[in-house]
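Single-structure report; data block below.
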Amino acid sequence: MATDYYAVLGVRRDAGQDEIKKAFRRLARELHPDVNPDPKTQERFKEINAAYEVLSDPAKRQVYDLGGDPLSPNGGGGAGAGGFGAGAAGFGFSDIMDAFFGAAAGSRGPRSRTRRGQDAMIRIEITLEEAAFGTTKEIQVDTAVTCTTCNGEGAAPGTSAQTCDMCRGRGEVSQVTRSFLGQVMTSRPCPQCQGFGTVVPTPCPECAGDGRVRARRTLTVKIPAGVDNGTRIQLAGEGEVGPGGGPAGDLYVEIAETAHRVFQRRGDDLHCTVTIPMTAASLGTKVPLETLDGLEDVDIRPGTQSGQSIPMHGRGITHLRGGGRGDLIVHVEVQTPTKLDPEQEELVRRLAKLRGEERPSGTFAPGQQGLFSRLKDAFNGR
């Protein structure tokens, strides 16, 4: 009974060449003896090789579809079943290599000595005022820069890199071993040139052949208004110069905002607390407050309660993206006296008597306003 090569590869009888090749590669990865040494698996591996040899060759496939055996001496097949010779049309050792490593296996070539440098990061501290309105800072960074002695080449002045005599500039060496498949060639990076294809007989004494040295530089950084803790500013090309004088990476400046003695920042809004006596909260007053824009008065209206917030619009942090500013939120804390002298205590008692429980909150009985004024003067030591 003739072998059903289509069933062996698991494809339809009208399958195209791409579908047949994909099926063969998938099965080859699963059934290769190096992966699965079981004897039954080896027989199965021979079957898929024979099936692929027939179905990948249009002439042999036509003979097979007509009922012939293209692999027999009388069937026009040439190589025997499971053959790996070059005479097997459409199939060879490269197909096995493609199945495991892809079409690009073995084509690495020499590595470049010139590579991009790494990114670097530095943290700087700024004040709340600088974060609100922006500023300019000078920073010092220690990074790798191009060696001026060899201009990044890595070779001592008057010398140059030479082609590696072991790999002849290919960057890799090959080794041939024998297996049941025949001769197998493998490649690995050249141990003499480390895969670069060239060697530096006389390295630069300044950079030891690396093409770069460490140095301290001073940079000017523009800090935009509205930055916050953790904001990172990217300075393209100001990071580490790469090996072999390669292009520099980027430098990231991370913002660390110092705490303010009065204001607490929440997003683009600022918060602070002012403490006033209960007489000022009852009668109303104006409290001077040093804001980011200068000295301004906070309007405390009569009857202000402890914990109440008074917004001062547009006195916060500049929005990082877009115009405008956040707000300054003033939290009021009403201070209740803990110790009264006899005169103050009498005034408070009279105030309590004048304020009837039946009287609506926030209103004054006749003469109560004057009592409040005297009470305020007493608390203030007048």
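Counted the way UniProt numbering counts, the sequence shown spans residues 1 to 382. No residue lacks a Cβ here, since even glycine has one placed at the ideal position from N, Cα and C.
Alpha carbon of residue i to alpha carbon of residue j, nearest angstrom
i	j	result
L283	V348	15 angstroms
D228	I317	10 angstroms
E43	E172	35 angstroms
P37	L31	8 angstroms
residue 427	G314	Nothing can be reported for residue 427, as the shown portion of the chain is limited to 1 through 382.
E153	E53	51 angstroms
Q335	P302	15 angstroms
E130	A225	7 angstroms
T3	E47	9 angstroms
R232	A281	44 angstroms
F263	T304	21 angstroms
R13	Q62	11 angstroms
V274	L320	28 angstroms
P243	Q194	14 angstroms
A86	L71	Here A86 scores only 33 on pLDDT, less than 50, and its place in the model is too uncertain to base an answer on.
D293	A248	41 angstroms
P161	S187	The residue you asked about is not Pro; residue 161 is Ala in the sequence shown. Going by the C-alpha atoms only, they are around 23 angstroms apart.
E343	G322	57 angstroms
T41	G169	41 angstroms
I276	K353	24 angstroms
D69	P39	25 angstroms
L340	L295	33 angstroms
CB contact flag (residue i, residue j, <7 angstroms)
i	j	result
V176	M185	yes
P311	D297	no
A23	L9	yes
V221	K137	yes
C150	T198	no
G307	D269	no
I139	L219	yes
residue 385	H260	The chain is shown only over 1 to 382; residue 385 falls outside these bounds and no answer can be derived.
E257	I126	yes
T338	I223	no
Identity of the residues DSSP links to residue i by a beta bridge
i	result
G242	G246
V199	Q162
C328	Contrary to the premise, residue 328 reads as Leu rather than Cys in this sequence. Bridge partners of L328: L270 and M312.
I122	V253
D142	R216
S187	S174
P302	The partner list for P302 (beta bridge, DSSP) is empty, contrary to what the question assumes.
K46	DSSP output for K46 lists no bridge partner at all.
P288	D297
R232	E254
T135	I223
P277	Q335
A155	P203
R265	L270
Own chain residues within Cβ distance below 6 angstroms of residue i, not counting five before or after
i	result
C207	C147 and V213
A144	R212, R214, E240 and V241
A120	T143, G239, E240 and L251
E19	V11
G83	Low confidence applies here, because G83 scores a pLDDT of 36, under 50, leaving its location unreliable and the question unanswered by this model.
C60	The sequence shown places Lys at residue 60, not Cys. Same-chain partners within the cutoff: V54 and P70.
Contact set for residue i: own chain, Cβ-Cβ below 7 angstroms, skip 5 residues either direction
i	result
P205	A156
T202	A155, A156 and T159
C190	C164, M166, C167, G171, E172 and V173
F133	A225 and T318
G246	T114, R115, R116 and G117
D142	R214 and R216
S107	Residue placement at S107 is flagged as unreliable, the pLDDT there being 46, under the threshold of 50; a coordinate-derived value is accordingly withheld.
F91	Because the pLDDT at F91 is just 42, under 50, the model does not fix this residue reliably, and the point stays unresolved.
V200	G154, A155, A161 and G209
From the options, residue whose alpha carbon lies closest to that of residue i
i	options	result
R25	T220, F45, L66 and G211	F45
F196	P277, G226 and T114	T114
P110	A59, Q192 and G246	Q192
V11	K40, L71 and S56	S56
G237	P243, G245, G230 and D250	D250
G16	G244, L354, P58 and I126	P58
residue 384	R61, G68, I255 and P243	This structure does not reach residue 384, given that the chain is present from 1 up to 382, and the question cannot be answered.
D65	R188, E346 and Y6	Y6
V253	I124, D69 and P342	I124
K21	K40, T41, A50 and P39	A50
M278	T41, L351 and G169	L351
G267	L295, D341 and G230	G230
Residues near residue i by beta carbon distance below 8 angstroms, same chain, minus five either side
i	result
S309	I329, V330, H331 and V332
S112	F196 and G244
Residue i at chain D interface by Cβ criterion, 7 angstroms
i	result
R232	Considering every chain present, this structure includes no chain D. It has just one protein chain.
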